[in-house]
Amino acid sequence: MSTLKERLRSDLTAAMKSRDELVKATLRMTLTAIGNAEVAGAEARELGDDEVLAIIRKEAKKRAESAEAFAGAGRDELAAQERAEGEVLARYLPAQLSDDELSEIARAAVEQTAAELGERPGQRQMGQVMRHATAAAAGRADGKRLATAVRSLLA
250 MSTLKERLRS DLTAAMKSRD ELVKATLRMT LTAIGNAEVA GAEARELGDD EVLAIIRKEA
310 KKRAESAEAF AGAGRDELAA QERAEGEVLA RYLPAQLSDD ELSEIARAAV EQTAAELGER
370 PGQRQMGQVM RHATAAAAGR ADGKRLATAV RSLLA
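Under our numbering, read the sequence shown as residues 250 to 404, first letter to last.
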C-alpha cells in the first residue's frame, strides 16, 4: 500500500476519533475515489503514491471548480464548504510554485525547446514547450498558471 494512502487512512481514523465531520467526509470521498481507481480496468491493482497524488489533485480541482460555481450562483454557504474541503485536500499536495519559480521553469522549457528545434519557438510550438514545462513543474503548479507563463514568453 502506498504511504500516502496509509496517511489518508490514519488521518481519517484520527478525524473520526476527534469527531471532525469536515475532514472525515472529505477523506472518505477521497479514499472512495482512490478505491474506484484501483478497481477500474481489467483487473484490480494497488495504486502508487504518484497515482494517489494525481487523484487527490483531481479531487482538489473539483472542489475549487465547485466553489467557484456556487459562489457565482450566490450560494456562499456551499462555496465555503467546498473551499474548506479543498483546504483539507491541500494538506496532502506538494507546495505550489511561486510566480518567480513558475516563470523560471517556463523560461527553461522555452530554452530547451529552442535547443531541440534550432530556433526560438513561437506560439505554434506551445505544445512542445508545455510538455517540458509540465514535466519540470511535476504537479506543483496548476496547468492554467503554467500555460499563462509559457504563453507570455512565446508572445
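From the three backbone atoms N, C-alpha and C, an ideal C-beta is built for every residue, glycine too.
Here Leu261 is not near Ile283, since their CB atoms are 9 Å or more apart. Taking 8 Å as the upper bound for CB-CB distance, Ala286 and Ile304 are in contact here, some 6 Å apart.
In this structure, the alpha-carbon of Phe319 lies about 9 Å from that of Glu331. Secondary structure note for Ala322: it is in no alpha helix (DSSP H), with a DSSP letter that is neither H nor E.
By the Cβ neighbour-count rule, Gly376 is exposed, with fewer than 16 other Cβ atoms within 10 Å of its own.
For Thr281, the number of other beta carbons within 10 angstroms of its own is below 16, and it is reported as exposed. In the structure shown, the three-state DSSP call for Asp269 is coil.
Ala390 and Arg268 have their C-alpha atoms roughly 33 Å apart.
The alpha helix (DSSP H) runs lying completely inside the stretch 322 to 381 and spanning 4 residues or more are 325 to 339, 348 to 366, given in chain order. Comparing alpha carbon positions, the residue from Ala344, Gly323, Leu403, Glu326 closest to Ala358 is Leu403.
Under the 10 Å beta carbon count, Val288 is surrounded by fewer than 16 other beta carbons and is classified as exposed. The beta carbons of Ile354 and Ala382 sit closer together than 9 Å. If you compare the alpha carbons of Pro370, Thr279, Ala329 with that of Tyr341, the shortest gap goes to Thr279. Around the Cβ of Leu366, a 10 Å sphere holds fewer than 16 other Cβ atoms; the residue is exposed.
Take Glu308, set aside five residues on each side of it, and the residues of its chain with a beta-carbon closer than 8 Å to its own are Met278, Thr279, Ala282, Leu338, in chain order.
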